[in-house]
């Protein structure tokens, strides 16, 4: 029964550990995905910056001076988007760090809990072994007591038989004495007659 509870506890702990490992793997994959798209976005942003700051941008601005205000707005929006992207990259990096720290902490806690359960299981196994030993010792004591009781009963029966024999001997002696007295009295009566 104890071993069943121990096996049940082991199954629960292995399940918890496996779930924690799956969660860590899942978080690591999410972190990798999060770490790749900000780089791509930064590269695209640099390309656009390069285009607008290069010859092509100057020619476009020169040839379309009537759209200067519109282009200025676009550049401002692009700069704003760049700033936003930089902030997002920074935020994602911090999120990635937090996820990595949480994953490490979760793994550490699960490992600590697993070690605690393994120590408890080891202690329980020791207790079970000790109980089994005490049970065997108690069974031996009971068997010895049964043998002693049987010997005592045999001795008691022998002593009762001896007592009965002695009673029978005493009874026989009384009867013999009584008969001897009776015979003697009878003999005396016969003499007197």
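Residue numbers (the numbering used here): 1419 to 1611.
Note that the Cβ used here is the ideal one computed from N, Cα and C, for glycine as well.
Asked                                                                                                      : Found
Short Cβ contact (8 Å threshold) for residue 1535 with residue 1427                                        : yes
C-alpha gap between residue 1526 and residue 1434, whole angstroms                                         : 13 Å
Assumed close pair residue 1524, residue 1430 - CB separation to whole angstroms, cut-off 8 Å              : About 17 Å; that fails the 8 Å criterion.
Stretch-stretch touch, CB-based, cutoff 8 Å, three pairs: the segment 1554-1562 with the segment 1462-1471 : no
Three-state class that DSSP yields for residue 1604 in the structure shown                                 : helix
Alpha-carbon to alpha-carbon, residue 1587 and residue 1372                                                : The first residue shown for the chain is 1419 and the last is 1611, placing residue 1372 beyond what the model contains.
Closest by C-alpha distance to residue 1446, when choosing among 1522, 1555 and 1576                       : 1522
Rounded C-alpha distance that separates residue 1498 from residue 1528                                     : 44 Å
Residue from 1492, 1531, 1504 and 1476 whose Cα sits closest to the Cα of residue 1436                     : 1531
Residue 1510 versus residue 1496 - alpha carbon distance                                                   : 20 Å
DSSP-derived helix/strand/coil call for residue 1472                                                       : coil
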